[in-house]
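These protein sequences, in sequence, are chains A and B. Heads up: the first sequence at position 43 corresponds to 43 in our numbering, and the numbers run straight through without jumps. Heads up: the second sequence at position 31 corresponds to 31 in our numbering, and the numbers run straight through without jumps. Glycine included, every Cβ here is placed at the ideal spot set by N, Cα and C. Only a predicted model underlies this, so the values are computations on that prediction, with no experimental measurement involved. Below is one structure, written out as structure tokens, with a few remarks after it.
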Amino acid sequence: MDRQVHKKVCNINFSLFSPKQIMDLAAAKVVTPELYDREGYSVDGGLMDIRLGVIDPGLRCKTCGQKLKECPGHFGYIELARPVIHIKFVRQVLDLLKSTCKYCGQVLIPENNISKFTDVFDKVGKEEGFEARRRKIKEVVNKFKTKEKCPHCEKKQEKIKIEKPYTYYESDLRLSPIEVRARLEKVPSEDLKIFGYVEGFRPEWMVLTVLQIPPVTMRPSITLESGERSEDDLTHKLGDIVRINQRLFENINAGAPEVIIEDLWDLLQYHVTTFFDNAVSQLPPARHRGGQVLKTLAARIKSKEGRLRHNLAGKRTDFSARTVISPDPFIDLNQVGVPLSMSMNLTVPERVTEWNKEYLLKFVKNGPKKYPGANYIIKPDGKRKSITEDTQEEILEELEEGYLVERHLLDGDVALFNRQPSLHRMSMMCHKVKVLPGKTFRLNPAVCNPYNADFDGDEMNLHIPQNDEARAEAKILMLVDTQIISPRYGLSVVGCIQDAITGNYLLTKELVLSRAEATDLLYNCGVTDLSPLPKKEKVDGSEVFSVLLPNDFSFIGKDKSGNDVKIVNGKLKSGYMDKSNLGQESGLMLRNIYEKYGPAYTAELLGKISKLGISVLARRGFSIGIGDMDLPLETQDEIRATVKKSEDEALKIIDEFYAGKLDALPGRSVAETLELNVLGALNKARNKSGDIAMKQVQNSAAITMARSGARGNPLNIAQMTAVVGQQALRGKRIESGFKNRTMSYFGNKDLSPKARGFVKNNFKSGLTPAEFFFGAMTGRDALMDTALRTPKSGYLYRRLSNALQDLKVEYDGTVRDASSRIVQFSYGEDGLDVSKTKNGVVDVKSVIQNVIGASK
Amino acid sequence: MTLDGNKHLLIPKHSKLNESDKKKLLEEYKINVFSLPKITSEDPAIVKFNAKVGDVIKIERDSKTAGTTSYYRVVVES
């Protein structure tokens, strides 16, 4: 191993290379724009000079003697015929020109004030950043400049202006880069400290006299199929620079007229500028012959496709896969279904030993095209060999202990499964692979909740850990089983959904099965020990359900409608299983099972319960239709009467308002009071009729789902069967969209319920056009609201989680940040680990009961 | 007339730790004062203590989950 150097970086300085440094660093001076001679070899002193590094296989670098891939490349330089401004430092140069004396070069701050202001600048810079410091300097200099005289040499100062992008003017006279450079040279080094420049830095370096040429290794040419060479954009740009530079040299030496030299100089400035940044706002970008914009230095680093965001922040990984997900309730909770075609590309390396040689040889024999096979072997020296029809024989011969075989993915392999946005630790969990036909990932619908996944086209990612350490870590720390209890609220994040809830609800509530049906059901969901099933011809649904429960499990809780659920010694005695005990994020039953029997058992049991529910429903049949919305005649009359009563009440209030008899509520105007009272009356209509509808309708599928909590709620039922109710925009009844009315159909200043968005029909009976339009208004408002809120709250959460990401609870119970500064003295003020509580509460009673045994 | 914020029901009780208590606290968490959360010496809740930089202020807050909790802050220059 390499010797380790234990040193700490205490600071980093950013500065510029001086012309001397550039020349000292350079391996070659570039003097000619030609790249290759007639034989195709690179020209000495050209841009592809082999002293600048090698990009052709077989050649050796003239500077370091190394081959392709070994030689890192070497810088060169061009001597510019005339200096040019570095585009990235135009602002700094302007600041310096403006705030130093034209003649003596000193800062335009009186001697006795300099140290005082340096301190001020340093403080501002430290507290508010570099930009604030710049502003402050400008402010101070401006204060002293009003005198228009240098405080040191007492000479008059001219006004410096800039014409973007890079031309300086001094009271309408153009300053050439030579003059600019001469000015900057005059600035004494001590004065530079005020501006915050590092010691040893000279401002005249911001005006280039020599240009550093990047090594060829960072701008390699590509050989096209036709044998032609295509040069990198940077090489093109550098070629332009060298060409113009040569012409400028020649013209100066030949004593050409000043106009021509000026023109060439400007052109040189343009080329050097676009070499650094081809997106300077006032300049036309340099283009290829075809009109395509050249990608120069700044474009390589900046923006989404730049080095930083694309290559450094955005890493890509091997042994990963992504595809659409679909549900499969008959795989285990902690399994993931992987398409066969994927499992033949994703591999797991396995080392050949004395004991598994036979087993691994089988994969090699199958090769890469037959499942389960292997794609590669890796020799002990690290050489990788692909298994093909040609190499197969040879590899079978040579394979021995110590070799690695990269075999196809098998059932039971460890994988990490993830869905973006990964806001959670449960957004990336470990699953065990189950290779399945088809082209999608399959996952148990019960684990949709932690991933926040649905199957409307969602895609998810899969990663295959490649060594034992990673696999162990994934399995122990990240397996779905271990993530069942949420660290946010201490209840199960996974649970039965939809059909699984409805199925179990019906089973425990009303089904009576024959013994044959019961055994079939149980066997279908993976139960092999049927001994707990009572020995009767007809078995109750709750008895079937109880077979799944462990014998020593007792539990007392509530179901969704508030009735007691009692489980004694693994038998469901009373109550129905519904959302509040089986569902995700609710109920203590799953939590208690987890506490008593551990992660693996809970995951298995939950899988079984879920399968049981689905099987029940599949056998019994379950469907909703328009008939589910029918109400008995007398109920319909009752609802109609209730609505009518409320409507009349509202109209009465309106009449009172017009008669001036309505008293204002405290802090409200009379009109506001009217609105509030009317809204209250109308909402009462919906709630009441909703209650009537829920009570009356017996056993329709829609009601069953709403009751069990599988899907839908009483409000949905009420809107379908009884009355849709008042439509509200921003918490108010719909207000005028026209002058004093909501629609042209209604009269002027009509405040009656029907003219202000009250829908007295239900979805089954159908809405009037006006009612439908009111519904569309609120519908659109709700849609807009979600579309605007989602990204906002996402960004809010991102900022929060970024700010808190490295907080950690230490062993002493304090919460500390990365530099172990205390944030909280006790986690959450109470020091509780929420995932060890039940819904945030420590259930002391049950702890005591568990220890001393339940009191009768 | 000035308003005394310390009488407001939302302002928790602030007090200054004496040297030995401060030492005990730092000992307990094995930290130096710079690892504590900060409060400026001009904070209206603590001006009355005339606290110096480096002093530790104890804040007793009502907590929804834990009844009352103590929090400590080190006085820093404003």
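For THR69 of chain B, the closest Cβ of chain A is nearer than 8 Å. Cβ neighbours of THR482 of chain A within its own chain (closer than 8 Å, five residues either side excluded): ILE476, PRO599.
The continuous alpha helix (DSSP H) containing GLN246 of chain A extends over residues 233 to 253. Note that the C-beta distance between LEU665 of chain A and ILE653 of chain A is not below 8 Å.
Approximately 7 Å separates the beta-carbon atoms of CYS104 of chain A and LYS186 of chain A; this is inside 8 Å, confirming the contact. Its Cα nearest to that of PHE657 of chain A, the residue A:LEU751 stands out among A:ARG135, A:LEU751, A:ALA776. In the DSSP assignment, THR347 of chain A forms a beta bridge with A:HIS408. Within 7 Å of the CB of SER35 of chain B, the CB atoms of chain A belong to SER820, ARG821, ILE822, in sequence order along the chain. Listed in chain order, the non-local C-beta contacts of ALA718 of chain A below 6 Å within the same chain comprise GLY690, ALA693, local neighbours out to five positions each way being set aside.
Listed along the chain, the chain A residues whose CB falls inside 8 Å of the CB of SER63 of chain B are GLU829, ASP830. The three-state reading of DSSP puts ARG322 of chain A in strand, counting E and B together.
The three-state reading of DSSP puts GLN726 of chain A in strand, counting E and B together. Taking the CA atoms as reference points, TYR811 of chain A sits about 19 Å from TYR72 of chain B.
Bounds of any beta strand (DSSP E) do not take in PRO12 of chain B, whose DSSP letter is neither H nor E. Taking a beta-carbon distance threshold of 8 Å, THR814 of chain A counts as an interface residue toward chain B. ARG407 of chain A counts as buried, since no fewer than 16 other beta carbons sit within 10 angstroms of its beta carbon. Uninterrupted alpha helix (DSSP H) stretches at least 4 residues long and entirely within the stretch 252 to 336 of chain A occur at 258 to 276, 297 to 301, given in chain order. When A:VAL512, A:ASN551, A:SER514, A:GLY290 are compared, the shortest CA-CA separation from SER531 of chain A is found for A:ASN551.
Taking 9 Å as the Cβ-Cβ cut-off, the stretch 11 to 44 of chain B approaches chain A at GLU28, TYR29, LYS30, ILE31, PHE34, SER35, LEU36, PRO37, given in chain order. Listed along the chain, the chain B residues whose CB falls inside 8 Å of the CB of SER826 of chain A are ALA66, THR69. Positions of the alpha helix (DSSP H) runs, each at least 4 residues long and wholly inside the stretch 117 to 161 of chain A, are given as 130 to 145 in order along the chain.
By the neighbour-count definition (other C-beta atoms within 10 Å, threshold 16), GLN727 of chain A is a buried residue.
Residue pairing from DSSP places GLY76 of chain A in a beta bridge opposite A:ALA28, A:ILE213. Around the C-beta of CYS61 of chain A, 16 or more other C-beta atoms lie within 10 Å, and the residue is accordingly described as buried. Bounds of the beta strand (DSSP E) holding THR167 of chain A are 167 to 170.
Taking the Cα positions, VAL809 of chain A is about 29 Å away from GLU77 of chain B.
Burial check for PHE14 of chain A: the Cβ neighbour count within 10 Å stays below 16, so the residue is exposed. Cα atoms of LEU25 of chain A and GLN420 of chain A: separation of roughly 47 Å, rounded to the nearest angstrom. DSSP links THR68 of chain B through a beta bridge to B:ASP62. Only residues of its own chain outside the window of five on either side were considered, and among them VAL414, PRO465 have a CB closer than 6 Å to the CB of ARG471 of chain A, listed in chain order. Shown here, TYR376 of chain A sits in a strand according to DSSP, grouped into three states.
By the criterion of a C-beta distance shorter than 8 Å, SER835 of chain A is surrounded in its chain by ILE485, SER486, PRO487, GLY490, once the five residues flanking it on both sides are discounted.
Using a Cβ distance threshold of 8 Å, SER326 of chain A and ARG442 of chain A count as a contacting pair. Comparing C-alpha distances from LEU361 of chain A to each of A:LYS369, A:LEU346, A:ILE377 shows the shortest one belongs to A:ILE377.
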